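Which chain is which? The protein sequence lines are A and B, in order.
Once you know that position 40 of the first sequence is 82 in our numbering, the rest is easy, because the numbers rise by one and skip nothing.
Once you know that position 50 of the second sequence is 432 in our numbering, the rest is easy, because the numbers rise by one and skip nothing.
Read the structure below first, then the notes.
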Amino acid sequence: MMTTKFKKQSLLVGSRIRALRKDRDLTQADLAARIGIQQSDLCRMENGEYKVSLETLFRILSVFEMNIAEFFHEDLPGALRERDAEVLRQFHRLSPRSQDEILEFIQFKTQFEDRLNRKSN
Amino acid sequence: MPSDPIASYSELTAEGQIFVRHGDFRRAIDNFEQAVRLAHDLDDSALLVKALCNLSTARLASGDIKEAEKGLREILLRTRDPQTIFVTSSNLASALRRQGRHERALMYARRALRACEGLDNPSWKATIHNLIANIYMNMSYLDDAVSEYRYALSIGEKAGLGAQWPVDYIKENLGYCLLLKKRYRQGIAIILEALQIALSNGNSRCVGECYQDLSFAYMQIKEYPQARDHGEKALDLAIKNEYKDIQKNCYYLLGETHLLMGEDVKSDEYFDRLQEYYPHLPVLKEFLRTFDVSNILNLKNPV
Numbered sequence: 043m044m045t046t047k048f049k050k051q052s053l054l055v056g057s058r059i060r061a062l063r064k065d066r067d068l069t070q071a072d073l074a075a076r077i078g079i080q081q082s083d084l085c086r087m088e089n090g091e092y093k094v095s096l097e098t099l100f101r102i103l104s105v106f107e108m109n110i111a112e113f114f115h116e117d118l119p120g121a122l123r124e125r126d127a128e129v130l131r132q133f134h135r136l137s138p139r140s141q142d143e144i145l146e147f148i149q150f151k152t153q154f155e156d157r158l159n160r161k162s163n
Numbered sequence: 383m384p385s386d387p388i389a390s391y392s393e394l395t396a397e398g399q400i401f402v403r404h405g406d407f408r409r410a411i412d413n414f415e416q417a418v419r420l421a422h423d424l425d426d427s428a429l430l431v432k433a434l435c436n437l438s439t440a441r442l443a444s445g446d447i448k449e450a451e452k453g454l455r456e457i458l459l460r461t462r463d464p465q466t467i468f469v470t471s472s473n474l475a476s477a478l479r480r481q482g483r484h485e486r487a488l489m490y491a492r493r494a495l496r497a498c499e500g501l502d503n504p505s506w507k508a509t510i511h512n513l514i515a516n517i518y519m520n521m522s523y524l525d526d527a528v529s530e531y532r533y534a535l536s537i538g539e540k541a542g543l544g545a546q547w548p549v550d551y552i553k554e555n556l557g558y559c560l561l562l563k564k565r566y567r568q569g570i571a572i573i574l575e576a577l578q579i580a581l582s583n584g585n586s587r588c589v590g591e592c593y594q595d596l597s598f599a600y601m602q603i604k605e606y607p608q609a610r611d612h613g614e615k616a617l618d619l620a621i622k623n624e625y626k627d628i629q630k631n632c633y634y635l636l637g638e639t640h641l642l643m644g645e646d647v648k649s650d651e652y653f654d655r656l657q658e659y660y661p662h663l664p665v666l667k668e669f670l671r672t673f674d675v676s677n678i679l680n681l682k683n684p685v
């Protein structure tokens, strides 16, 4: 069960809303109408200057019809970071045999580090 | 109930106004609906307008915005009576504020303020400045809101209103606005004053809002047992009096507080109850469990 809290600032939420809106080719007027707020308020929300009600927050989630991983994908611990993505890209360029070798090497390194950890404890 | 219809009307109206000030909006609406019927039977247009204005005020307070707004513009267009202009403009401002139409709300609030200038009624004047401050707070113009709340309180002080209505509401709003500005200790002190006044006035709506605000404040300063206790008190009152907005806010506050206390099962219970209001949004609970949204929320924003 996940209990970790990720402290978010309103500025980050606002910039995320702006990015999603642009990604879906929505104008501020379009999105404001769908959320049920004034365009000027949405503009200030995107700049992190406007505090929202629970209703509005949930309506935003509803309008974008997405899960939380999509909403704040760059901040989730399970999300792929650039470095992880690069490792995956390189991995897929290898032959199946080389991929197996890499996996064996990872297993070897994991077991080695586990042993080290047990000793130090 | 007196047999004289005019006396009945007056009694229903006076009692209805007390119900409004005590936060008993359902009974206030019943009274004012009866007063409207009596005024119809009497064929007295002046009494009818006053009854309709009172009914609108009670419906607004209960959250029935669409019904509250009906007919107000027509009354405002026809009347020249400053009291009626004040009440209709003020109610329209309040209805528009709850729909997020802030600029229009401010326009009507200023009209109500102008109408109020000629009336010797400091409670009304304080109320309209409180409403203007509420609009500013909903727009997140917190400094402007604080100035208006303080001005509303100064009107009350000059007029010797002491601990009378609407001083409890104004202090409670000012306190919450200070919480939004992260001035937690100062906000808590003012909300505690408001709570004492609201308790002595029997204003259950304001008492509920004070408990809700205190729950939020203590959660923000990491005094979680206090946050939980005040949240539970607010929730009990909200359920008893059917204050739906406070109920939803409390489910969020209690879910969040229990989560921060490491009590995941209790937290789940409250988030589940909040989730019931939004069946079309299955991500809600997961979202709240993952992100801290307390810094971007205004629990008093109607939309």
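Note that CB positions come from ideal geometry on N, CA and C, so glycine has one too.
The structure presented is a predicted model; accordingly, all values stated were derived computationally and were not measured.
Cβ-Cβ distances below 6 Å link L394/B to N413, Q416 and A417 in the same chain, with the five nearest sequence neighbours on each side left out; the list follows chain order.
DSSP, reduced to helix, strand and coil, places L543/B outside both helices and strands of the structure shown, so it counts as coil. The alpha helix (DSSP H) runs lying completely inside the segment 486 to 555 of chain B and spanning 4 residues or more are 504 to 520 and 524 to 540, given in chain order. Rounded to whole angstroms, the Cβ separation of L560/B and Q568/B is 5 Å, and the two are in contact under 8 Å. Going by DSSP, K452/B is part of no alpha helix (DSSP H) at all; its letter is neither H nor E.
Within 9 Å of the CB of E91/A, the CB atoms of chain B belong to S522, in sequence order along the chain. The segment 463 to 473 of chain B makes no contact with the segment 82 to 92 of chain A; the number of CB pairs closer than 8 Å stays below 3. E88/A does not reach chain B, its nearest Cβ partner there being about 12 Å away, counting only Cβ pairs nearer than 7 Å. A Cβ-Cβ distance of about 4 Å is found for the pair G482/B and V685/B, placing them in contact under the 8 Å criterion. With respect to R479/B, N436/B sits apart: the two C-beta atoms are not nearer than 8 Å.
In the structure shown, D618/B adopts helical secondary structure according to DSSP, grouped into three states. Looking only at S522/B, R403/B and R671/B, the smallest Cα-Cα distance to S82/A is reached by S522/B. DSSP places L679/B within a strand segment (E or B) once states are collapsed to three.
Straight-line spacing of the CA atoms in A487/B and L424/B works out to 34 Å. Selection T639/B, D646/B, E645/B and Y593/B evaluated against A620/B yields Y593/B as nearest (Cα-Cα). If the five residues before and after R610/B are omitted, its C-beta is found closer than 8 Å to the C-beta atoms of S597, L636, T639, H640 and M643, all from its own chain and listed in chain order.
Within the same chain, Cβ atoms closer than 7 Å to the Cβ of K630/B are found at L656 and Y659, the five residues on either side in sequence being excluded. Shown here, V665/B sits in coil according to DSSP, grouped into three states, outside any helix or strand. The closest CA to that of P387/B, considering only A497/B, L420/B and Y606/B, is found on L420/B. Taking all protein chains in view, the Cβ of D67/A is surrounded by fewer than 16 other Cβ atoms within 10 Å, so the residue is classified as exposed. V94/A is bridged by DSSP to L679/B. Using a Cβ-Cβ cut-off of 8 Å, F106/A does not count as an interface residue toward chain B, since no Cβ of chain B sits closer than that to its own. With at least 16 other beta carbons inside 10 angstroms of its own, Q80/A counts as buried.
A residue is called buried when at least 16 other Cβ atoms come within 10 angstroms of its Cβ; H484/B meets this threshold and is buried. Under the 10 Å beta carbon count, E624/B is surrounded by fewer than 16 other beta carbons and is classified as exposed.
Going by C-alpha positions, I570/B is about 14 Å away from I579/B.
Under the three-state reduction of DSSP, S137/A is assigned to coil, being neither helix nor strand.
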